[in-house]
Structure formats: structure tokens, C-alpha cells
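Its first residue numbered 1, the sequence shown is counted upward by one per residue in the UniProt record's numbering.
Quick reminder that beta carbons are idealized off the backbone N, C-alpha and C, glycines included.
See structure below.
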Amino acid sequence: MDFTKSALERSLKLVKEAIAGEREDELFYDYLISKAPTKEQKDIITSIRNDEIKHRKLFRQIYKAFTGMDVGEVSEEKFQKPKSYIDGIKRALFNELKAMEKYRIIRQGLPSRCYRDVVFEILTDEIKHAIKYNYILNLNLSKKDKKKDMCDRLDCNEMRSIMW
1 MDFTKSALER SLKLVKEAIA GEREDELFYD YLISKAPTKE QKDIITSIRN DEIKHRKLFR
61 QIYKAFTGMD VGEVSEEKFQ KPKSYIDGIK RALFNELKAM EKYRIIRQGL PSRCYRDVVF
121 EILTDEIKHA IKYNYILNLN LSKKDKKKDM CDRLDCNEMR SIMW
């Protein structure tokens with residue numbers, strides 16, 4: 001791999017963005033935890049949120065290692081509340097996928113294998129998060145489908161009783 005100063009500078013710029021993004025994700029996931037319908041879903045999202053806290057810390061360490069400076073805290077990060085829990089899970093899933101794209105670029109520009117390995121760990125966590133959000137999404141959508149099927153059957157039965 002060819003490591004250039006411009007690639008490192010781009011990676012460090014993206015690291016700063018990642019630090020802010022991980023904080024925003026943490027706040028968003030706190031919100032999803034408060035809306036999760038089951039303990040299992042709360043536990044899954046809590047574990048993801050805790051990973052985001054760890055990632056922010058690791059990105060801060062990477063930034064300081066290359067620049068000698070700390071990344072200042074961004075004023076209170078905000079997130080837009082989703083229309084529903086399901087919409088929030090969908091957004092979380094796609095945010096994890098977008099983060100992977102960004103983190104690949106960060107990894108490519110880091111000249112030290114040690115730090116590339118750290119970013120690789122973060123990347124694999126993001127993959128796990130996307131899979132977990134997909135699982136939660138499927139749980140909730142399959143419940144919706146079962147309820148719809150039951151309603152459809154009730155309507156059919158109701159119609160039969162009226163007709164006969």
C-alpha cells in the first residue's frame with residue numbers, strides 16, 4: 001500500500017468526523033433503547049451503544065497518536081428522532097453501513113499497521129452491528145406480518161359468518 005501525507009490527512013479528517021458520528025450514534029441508540037419493546041432488543045442495542053463509546057475512545061487515541069492533539073468535544077451532538085422504532089432501526093442499520101465505508105477510507109490512509117488493525121476491529125464491530133440491527137428489524141417486521149395475517153383471517157372468518 002502506498003501511504004502518502006495527503007492520505008493520512010484525509011484519514012485524520014475522517015477520524016474527527018467519526019468521533020462526532022460515534023457520539024451522535026450513542027445518543028441515538030440511547031433513544032432506541034428507551035423505545036425497544038423487549039429486553040432482548042434493549043440488550044442488543046445497549047451492547048452496540050457501548051461499542052460506539054469504545055470506538056470513539058479508540059479514534060481519539062489514533063488522532064492523538066498522529067497529531068499530538070486531543071479532539072475537542074463537539075458541542076452537544078443532536079439527532080433527529082425517527083417517526084417510529086422500526087424507522088429508527090432502519091436508520092441505525094444504514095448508518096452502520098455508511099460508517100463502514102468511511103472507516104475503510106480511514107484505514108487505507110493510516111501508515112501504521114497497529115492503527116490499521118485497530119480500525120479493522122472497529123470495522124468488524126460495525127459489520128456485527130449491522131447484522132444485529134437486521135435481526136431486530138426482522139423480529140419486528142415478522143411480528144407485524146403475523147398480526148396482519150391474523151387480522152386477515154379474522155376478517156375472512158367474520159365475512160363467512162355474515163355470509164352463512
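Quick one: grab the DSSP three-state call for residue 47. As a first step, residue 47 is located in the sequence shown; it is residue number 47 there, counting from the start. Helix at residue 47.
Could you check where the alpha helix (DSSP H) with residue 34 kicks off and where it finishes? Stepping through the sequence shown from its first residue, residue 34 is reached at position 34. 5–35 is the span of the alpha helix (DSSP H), which, as asked, contains residue 34.
Going by DSSP in three states, residue 83 sits in which element: helix, strand or coil? Counted from its first residue, the sequence shown places residue 83 at position 83. Reduced to three states, the DSSP call for residue 83 is coil.
Runs of alpha helix (DSSP H) wholly within the region 80–123 (minimum 4 residues, chain order): 85–109
From the DSSP output, in three-state form, read off residue 73 for me. Here the question's residue 73 lines up with position 73 in the sequence shown. Of the three classes helix, strand and coil, the one that applies to residue 73 here is coil, per DSSP.
Which of helix, strand or coil DSSP assigns to residue 64: Within the sequence shown, the letter at position 64 stands for residue 64. It is helical.
Considering only C-alpha positions, which residue in the set 59, 27, 24, 35 is nearest to residue 16? Working through the sequence shown from its first residue, we reach residue 16 at position 16. Ranking the options by Cα distance to residue 16, first place goes to 59.
Leaving out five residues on either side along the sequence, give the residues of the same chain with a beta carbon under 6 Å from the beta carbon of residue 7. Position 7 of the sequence shown holds residue 7. Contacts found: 109.
Is DSSP giving residue 78 helix, strand or coil here? As a first step, residue 78 is located in the sequence shown; it is residue number 78 there, counting from the start. Residue 78: coil per DSSP, three-state reduction.
Using 8 Å for Cβ pairs, my map puts residue 79 next to residue 28. What's the rounded Cβ distance? Numbered from 1 along the sequence shown, position 79 holds the residue referred to as residue 79. Numbered from 1 along the sequence shown, position 28 holds the residue referred to as residue 28. Correct: roughly 4 Å between the Cβ atoms.
Option in 117, 142, 101 with minimal Cα separation from residue 126: For this step, residue 126 is matched to residue 126 along the sequence shown. The shortest C-alpha separation from residue 126 is found at 101.
At a Cβ threshold of 8 Å, is residue 20 touching chain B? Here there is only one protein chain, and chain B is not present.
Beta-carbon contacts of residue 115 that lie in its chain and below 6 Å, excluding the five residues immediately before and after: Residue mapping note: residue 115 aligns to position 115 of the sequence shown, counting from 1. So the list reads 62, once near-sequence residues are dropped.
At least 3 beta-carbon pairs within less than 8 Å: the region 24–40 vs the region 64–72: no
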